[in-house]
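Asker: In the working numbering, the protein residues as written are 238 to 469. We put the beta carbon where it would ideally sit given N, CA and C, even for glycine. As the structure is a computational prediction, the values presented were derived from the model and not from experiment. Questions regarding the structure given below will be posed in turn.
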């Protein structure tokens, strides 16, 4: 297949799957394998990383008005009842750090041992089943099954505990390739008593620092001279 056509195909797959709970990384890797691309080729590994930058860039553009409002009313929020620790931007940072620090350490330990197509396919199936079960229970009870009598209806009502919980669940996507980050965070939000729309919104907000950090880290690793290769 022509490289230009292949680039378009992979770009479309990335764009369609990045914000759906289906793991864009797994779909890219599976597509590359089906098309006979050498998954170990540094060129295509770097390409798969770089195209994620487009998805990252669209988030702050789409949420620009919301971000400006949150910054404007920091730290007390638009209703004046928030603190530095419980402002939505702070909660996003807390959730991100809950994921980032353990993910960095675990990635160093585990390395590439779980980066197989089998693990990715299994993660897609398990993640889909988990989300289907949680969503079915949530739909039947209108969110009350997990809310303990109080449903979180806006990001401004979120607690530090909810942010930590969602960040911890997001860690699954960092440790097990093929586990959808969106699936993990949206499901975690519903389990924490948040409405589906709030869980989705917070998942998108959390994806901005998470995806940016992960992509830049992977990009730096891919550009680093390998053993036996001369540096530029």
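Beta-carbon within less than 7 Å of residue 203's beta-carbon, same chain only, minus the 5 sequence neighbours each way: which residues are those?
Answerer: Beyond the ends of the chain as shown, which are 238 and 469, falls residue 203; an answer cannot be given.
Asker: Using beta-carbon positions only, say whether residue 435 and residue 368 come within less than 8 Å of one another.
Answerer: The answer is no: Cβ separation not under 8 Å.
Asker: State the CB to CB distance for the pair residue 322 and residue 401, rounded to an integer number of angstroms; the pair is presumed to be in contact (CB under 8 Å).
Answerer: So it is not a contact: roughly 11 Å between Cβ atoms.
Asker: Express the C-alpha separation of residue 394 and residue 313 in angstroms, rounding to a whole number.
Answerer: Straight-line Cα distance between these residues: approximately 12 Å.
Asker: Is residue 250 near the ligand PLP, going by C-beta to nearest heavy atom under 7 Å?
Answerer: Only the bare structure without any ligand can be found here, which leaves the ligand PLP out of the picture.
Asker: Is residue 362 closer than 8 Å to residue 432 when the C-beta atoms are compared?
Answerer: For residue 432 and residue 362, no; Cβs fall outside 8 Å.
Asker: DSSP on residue 431, reduced to helix/strand/coil?
Answerer: It is a strand residue.
Asker: Quick one: is residue 346 buried, meaning 16 or more other Cβ sit within 10 Å of its Cβ, or exposed?
Answerer: Exposed is the call here.
Asker: If you compare alpha carbons, which of 259, 290, 405 is closest to residue 340?
Answerer: Minimum Cα distance to residue 340 is reached at 405.
Asker: When the Cα of residue 254 is compared with those of 242, 418, 427, 412, which residue comes out closest?
Answerer: When each option's Cα is compared against that of residue 254, the closest is 418.
Asker: Under 8 Å, do residue 427 and residue 371 count as touching if we go by C-beta distance?
Answerer: Yes, Cβ-Cβ distance for residue 427 and residue 371 is below 8 Å.
Asker: Would you identify the three-state DSSP class for residue 389, choosing helix, strand or coil?
Answerer: Looking at residue 389 - three-state DSSP - the assignment turns out to be strand.
Asker: When the Cα atoms are used, what is the spatial distance from residue 408 to residue 251?
Answerer: In a straight line, the C-alpha of residue 408 is about 21 Å away from that of residue 251.
Asker: Where are the alpha helix (DSSP H) runs, 4 residues long or more, that stay fully inside the region 287-364, in chain order?
Answerer: Runs of the alpha helix (DSSP H) inside the region 287-364: 289-299, 301-309, 325-347.
Asker: Does residue 446 come out as helix, strand or coil in the three-state DSSP assignment?
Answerer: In this structure, residue 446 counts as helix in the three-state DSSP scheme.
Asker: Is the distance from the Cβ of residue 300 to the Cβ of residue 360 below 8 Å?
Answerer: Cβ atoms of residue 300 and residue 360: not closer than 8 Å.
Asker: Go ahead and label residue 338 buried or exposed: buried means 16 or more other beta carbons lie within 10 angstroms of its beta carbon, across all protein chains shown.
Answerer: Residue 338 should be labelled exposed.
Asker: For residue 403, count neighbouring Cβ atoms within 10 angstroms of its own Cβ and tell me buried if that reaches 16, exposed if not.
Answerer: By the neighbour-count rule (16 or more Cβ atoms within 10 Å), residue 403 is buried.
Asker: By how many angstroms is the C-alpha of residue 334 removed from the C-alpha of residue 375?
Answerer: The straight-line gap from Cα to Cα measures roughly 28 Å.
Asker: Note down the Cα distance separating residue 457 from residue 266, rounded to an integer number of angstroms.
Answerer: So the alpha carbons of these two residues sit roughly 20 Å apart.
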